[in-house]
Structure formats: C-alpha cells, structure tokens
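Residue numbers (the working numbering): -10 to 140.
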C-alpha cells in the first residue's frame, strides 16, 4: 500500500512538473505550408513605428499550452525596434503594439512598383505606387518612394 502511494506521488510530481515546463522549441516532422504563408504574408504587411516595413528576423516553432503548434515570428525595424507575433491555426495574428497593418493590395502594389523601378520602367513604377497610395494615402514609405521615382 505504501509503495502504491509512493508511485502515485511520483506520477503526480512528474505530471505537474511537465505541465509547468515552459514551451519548448519543436522540430516539426512536417511543414504546414498554410501556417507559413499566413505568417509571412502577415509580417510583409506590418508597418513599423518608424515608418519602415518590418523585416523578418527569425521564427521559432513552439508547442502551446493547448498542444497546438505555433510559429513565433521575430521582426525588426530600421530603427532597431524588435517585436514578435504568433501564428497558429486557432486565431488571427495580432499586430505588435505600435505597428500598423497595411492593406494587402497596397503592399503588393508597393513591391510591384519597386520591381518596375529596379527594372528601369519609371512610368510603370509611378503608376503602381500611385495605386498603392490610393489604398494607403498616408504611408510615409510609399510617399518617399514616389518622390524617389520622380527624381
């Protein structure tokens, strides 16, 4: 009876200790392409407090308290501001404090404009950036790039 009691005590301690462990990084045996797409498309739309677009800094895959697989994205801004956000299949991602989430089409037009400009087609670049500004008129990044194209 005493041995049975000790066994239950031991199992209780093991279970409670494992429940209190912090989330651990996982090596995923599979790639959840939908989760990756959700995470990367979200960070490409984040505008930093300094007005720059957020840059990817890293990602950790973690098992949550609920047993769900989550991707914890780290991003960085031009001024050195760092932030994190979580992507999972249960909820929508939340933008970090002080960041703005830009319209998806406006960001696509901005990158299209950059490609045209790099390729030497200033007229197409100007048209694309004006379309981006039509969707997000007060984004300093877009306004500054328009000035660069017009030079």
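Where a beta carbon is used, it is the ideal one built from N, C-alpha and C, also for glycine.
Residue interval of the beta strand (DSSP E) (run including residue 46): For the purposes of this step, residue 46 is taken as residue 57 along the chain shown, with counting starting at 1. 44 to 52 is the extent of the beta strand (DSSP E) around residue 46.
As a quick exercise: from 28, 32 and 138, pick the residue whose alpha carbon is nearest that of residue 172. This structure does not reach residue 172, given that the chain is present from -10 up to 140, and the question cannot be answered.
Quick check on DSSP: helix, strand or coil for residue 81? If you number the chain shown from 1, residue 81 lands on position 92. Reduced to three states, the DSSP call for residue 81 is coil.
Could you give the first and the last residue of the continuous beta strand (DSSP E) run that contains residue 58? Taking the first residue of the chain shown as position 1, residue 58 is located at position 69. Per DSSP, residue 58 belongs to the beta strand (DSSP E) from 58 to 65.
Report the residue from 69, 73, 101 and 65 whose alpha carbon sits nearest the alpha carbon of residue 59. By 1-based counting over the chain shown, the position of residue 59 is 70. When only C-alpha atoms are compared, the closest one is 73.
Run through DSSP, which three-state label would residue 130 get? Counting from one through the chain shown, the residue named residue 130 turns up at place 141. Correct three-state label for residue 130: helix.
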